[in-house]
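Mapped onto mature numbering (1 follows the signal peptide of the UniProt record, and there is no 0), the consecutive letters of the sequence shown carry residue numbers -18 to -1, 1 to 455. Inspection log for the structure reproduced underneath, given as structure tokens.
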Amino acid sequence: MYHCCWLVLVALIPVTTGINPGVKVKLTEKGLEYGRQLGMASIQQKLKSIKIPDISGTEHVSPIGKVQYSFSNMQIVNVGLPQSAVDLVPGTGVRLSISNAFINLRGDWRVKYLRIIKDSGSFDLNVNGISISTSIAIKSDETGRPTVSSVNCEASVSSVSVKFHGGASWLYNLFTSFIEKALRNELAKKICPLVDEAVSDLNPHLKTLNVLAQVDKYAEIEYSMVSSPTVSKSSLDLDLKGEFYNIGKHQEPPFSPTAFSLPPQTNNMLYMGLSAFTVNSAAFVYDKAEALNLYITDDMIPKSSPLRLNTKTFGAFIPKIAKLFPGLMMKLLVKTVKTPIISFEPNNMTIQATGTVTAYAIQPNSTLSPLFVLNLDTSVSTQLSVSEMRLAGAVTLNKMNLTLGTSYVGDFQVKSLENVLQMVLKVVVIPQVNAQLAKGYPLPTIGKMNLVNTQLQVLKDYVLIGTDVQFMG
Ligand SMILES: *[C@@H]1O[C@H](CO)[C@@H](O)[C@H](O)[C@H]1NC(C)=O
Ligand SMILES: *[C@@H]1O[C@H](CO)[C@@H](O)[C@H](O)[C@H]1NC(C)=O
Ligand SMILES: *[C@@H]1O[C@H](CO)[C@@H](O)[C@H](O)[C@H]1NC(C)=O
């Protein structure tokens, strides 16, 4: 016994852990409960739409003889689903059970006997103690979006009671048991196909998962599922790719996601973990697209600053600049020399960027004459926030380290330029980076989702977003 199951487990591992996800999504029991409420409203609508065909027939009653009867215009006036539950079935899916449901209908009855006597009236029929149970299987479709289906639906009706109005009461006994039996079968037959339909109706919504979410002109994020969802006792877990790509040209970075797992929290409906891999894949894309290179000109520096981007300011620190290039404006090119590295430590997201700053004098004929190249190492702290289904950031400078790369204006003390460069980083570069980061990056979304009670926590190697969800429309 022990042996057999261990073997099964071993056989399953390569399938389920083929690719580590960059993003993990966990739906808790609280989230499932919200899903149940939405689901019940949908099932109730479906059951209200049941159409019951007219029933007619003939009975022999002594001493009258042949009695023809018909039931028509049957309409559902009320459907109640007072008790229902959704339960996670580890390894399988979600079990939906509805009990003590009821359906109230009304209709018209009509009889004809002894060739000429006609009688008619109306009736109310209450179908009580309806039990419905089904399993909802969750899989990944060919596009990497979740898809659900209802399997093994069963429905039963425990009692039916009918009350006739109008006509001769002796007739009632005639068809009471008949109509009860006919309608019980008719309804029991119709319930499951409608429940299956209500479950399938979720798929168009699930198909709206933004498996390829465009970010800007450079990047898109892939959120397709990398494996089928897993169901445990307390949550439904989805593994998403969570990788930034260059639009159109999908080049893999020289690093891959490492396994991580979300903490067993249950206060919110949904938890989302974005790994260091995901944000580093973003850095890779923007670096490759040279989107991190920035030319800085004097007009980008606030008017109030006494330090200007000209050979006079820099000449004060490096006299040769003032001597060789008097009275010229300058331009700086800040660029990365390798992909910045982003790391998550508890309560601390840090970006390490290594780059160069090249200074040019702008000749009157617009030619750029290089003055010097500095190597720049910076570390910035990042604050993350979530709004409107987007993850946004804001960085502040931790520290920078400047060293001399190349000089075209002789030797000089790099330290003397530190204040100027720090000012340039703080008033030009970082505000530009922040303006980009403030636009935010789309999170995985289904339909029109609103996030409420959202919390964000930076943990070791990933950022955890816990949130409740509201669907609109
Ligand atoms: C965050 O982490 C970096 C290194 O990973 C460290 O240099 C920095 O001091 C940390 N900041 C805080 C506020 O802990
Ligand atoms: C621009 O001016 C500089 C300095 O006077 C000169 O060295 C350079 O050849 C000029 N370039 C062009 C394209 O005219
Ligand atoms: C600055 O960078 C240089 C060269 O990479 C290194 O030798 C030096 O220790 C760094 N200084 C600081 C304060 O980090």
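Using N, Cα and C, we set each Cβ at its ideal position, and we do this for glycine too. Only a predicted model underlies this, so the values are computations on that prediction, with no experimental measurement involved.
Three-state class that DSSP yields for residue i in the structure shown
i: THR295; result: helix
i: SER287; result: coil
i: LEU25; result: Sequence inspection shows Ile at residue 25; the Leu mentioned does not correspond to that position. In this structure, ILE25 counts as helix in the three-state DSSP scheme.
i: PRO424; result: strand
i: GLN196; result: strand
i: SER38; result: strand
i: LEU191; result: coil
i: GLU202; result: strand
i: ARG18; result: helix
i: SER348; result: coil
i: SER217; result: strand
i: GLN123; result: Per the sequence shown, residue 123 should be read as Asp rather than Gln. Here ASP123 sits in coil by DSSP.
i: SER325; result: strand
i: MET282; result: helix
i: GLY13; result: helix
i: SER44; result: coil
i: SER151; result: helix
i: LYS430; result: coil
i: LYS223; result: coil
Neighbourhood of residue i by C-beta distance below 6 Å, restricted to the same chain and skipping five residues each side
i: PRO235; result: SER263, PHE266
i: ARG122; result: For clarity, residue 122 is Ser in the given sequence; the question names Arg instead. The answer, listed in chain order, is MET207, SER210.
i: LEU276; result: VAL316
i: ILE32; result: ILE58, LYS172
i: THR427; result: ASN192, MET371
i: SER367; result: ALA374
i: TYR16; result: MET251
i: GLY126; result: VAL193, SER206, MET207
i: THR61; result: In the sequence under discussion, the amino acid at residue 61 is Val, which differs from the Thr named in the question. Contacts found: GLN26, LEU29, LYS30, ILE85.
i: CYS174; result: CYS135, ALA137
Boundaries (first-last residue) of the alpha helix (DSSP H) holding residue i
i: GLY260; result: It is worth fixing the name first, because residue 260 is Thr in this sequence and not Gly. Segment 258 to 270, the alpha helix (DSSP H) holding THR260.
i: LYS305; result: 301 to 306
i: ASN185; result: 185 to 188
Chain-order list of residues whose beta-carbon lies under 7 Å from that of residue i (same chain, five-residue window excluded)
i: CYS(-14); result: With a pLDDT of 35 at CYS(-14), under the threshold of 50, the predicted position of this residue should be treated as unreliable, and no value is reported.
i: MET312; result: LEU291, ASN292, THR293, PHE296, ALA341, TYR342, ALA343, ILE344
i: ALA273; result: TYR200
i: SER351; result: PHE307, TYR342, ALA343, GLN345
i: LYS320; result: THR336
i: HIS(-16); result: Bear in mind that the predicted position of HIS(-16) carries a pLDDT of just 36, short of 50, making it too unreliable to give a figure here.
i: ALA271; result: TYR200, ASN228
Where the beta strand (DSSP E) containing residue i begins and where it ends
i: PRO175; result: Not the beta strand (DSSP E): PRO175 falls in the alpha helix (DSSP H), residues 154 to 182.
i: LEU314; result: 311 to 318
i: LYS8; result: 5 to 10
i: MET56; result: 47 to 62
i: SER131; result: 128 to 147
i: ILE278; result: 276 to 279
i: THR449; result: 444 to 453
Sequence-distant residues of the same chain with beta carbon closer than 8 Å to residue i, five excluded per side
i: VAL213; result: LEU70, VAL71, PRO72, GLY73, THR74, GLY75, VAL76, ILE120, ASP219
i: THR318; result: ASP269, LEU274, ASN275, ALA335, THR336, GLY337
Neighbour flag for residue i against chain C, beta carbons, 9 Å
i: PHE160; result: Looking at the structure shown, chain C is missing, and only one protein chain is on hand.
Counting beta carbon pairs with one atom in the stretch 75 to 93 and one in the stretch 40 to 51, are three or more of them shorter than 8 Å?
Flag = yes, the stretch 40 to 51 and the stretch 75 to 93 touch.
The stretch 250 to 262 in contact with the stretch 37 to 44 per 3-pair CB rule at 8 Å:
Inter-segment contact for the stretch 250 to 262 and the stretch 37 to 44 is absent: fewer than three beta-carbon pairs are separated by less than 8 Å.
Considering only residues of the stretch 359 to 419, which uninterrupted alpha helix (DSSP H) runs meet the minimum length of 4 residues and lie entirely inside it, listed in chain order?
DSSP runs (the alpha helix (DSSP H)) wholly in the stretch 359 to 419: 400 to 406.
Hey, is the stretch 313 to 332 in contact with the stretch 353 to 364, meaning 3+ C-beta pairs nearer than 8 Å?
Flag = yes, the stretch 313 to 332 and the stretch 353 to 364 touch.
Quick check: the stretch 221 to 238 against the stretch 188 to 201, are at least 3 beta-carbon pairs closer than 8 Å?
Enough Cβ pairs lie closer than 8 Å, so yes.
Touching by the beta-carbon criterion (3+ pairs, under 8 Å), the stretch 82 to 90 and the stretch 107 to 122
They touch, by the three-pair rule.
Inter-stretch contact (C-beta, 8 Å, three-pair minimum) for the stretch 398 to 416 and the stretch 155 to 166
Counting C-beta pairs closer than 8 Å gives fewer than three between the stretch 398 to 416 and the stretch 155 to 166, which falls short of the contact rule.
Below 8 Å, can you find three or more Cβ-Cβ pairs linking the stretch 236 to 247 to the stretch 2 to 16?
The way I'd put it, the stretch 236 to 247 does touch the stretch 2 to 16; three or more beta-carbon pairs between them come closer than 8 Å.
Below 8 Å, can you find three or more Cβ-Cβ pairs linking the stretch 139 to 149 to the stretch 97 to 105?
Output reads yes: the stretch 97 to 105 touches the stretch 139 to 149.
To test your reading of the DSSP string, which unbroken alpha helix (DSSP H) runs of 4 or more residues are found completely within the stretch 60 to 100?
For the stretch 60 to 100, not one full-length alpha helix (DSSP H) segment reaches 4 residues or more.
Any contact of the stretch 422 to 441 with the stretch 387 to 394, i.e. 3+ C-beta pairs under 8 Å?
Flag = no, the stretch 422 to 441 and the stretch 387 to 394 do not touch.
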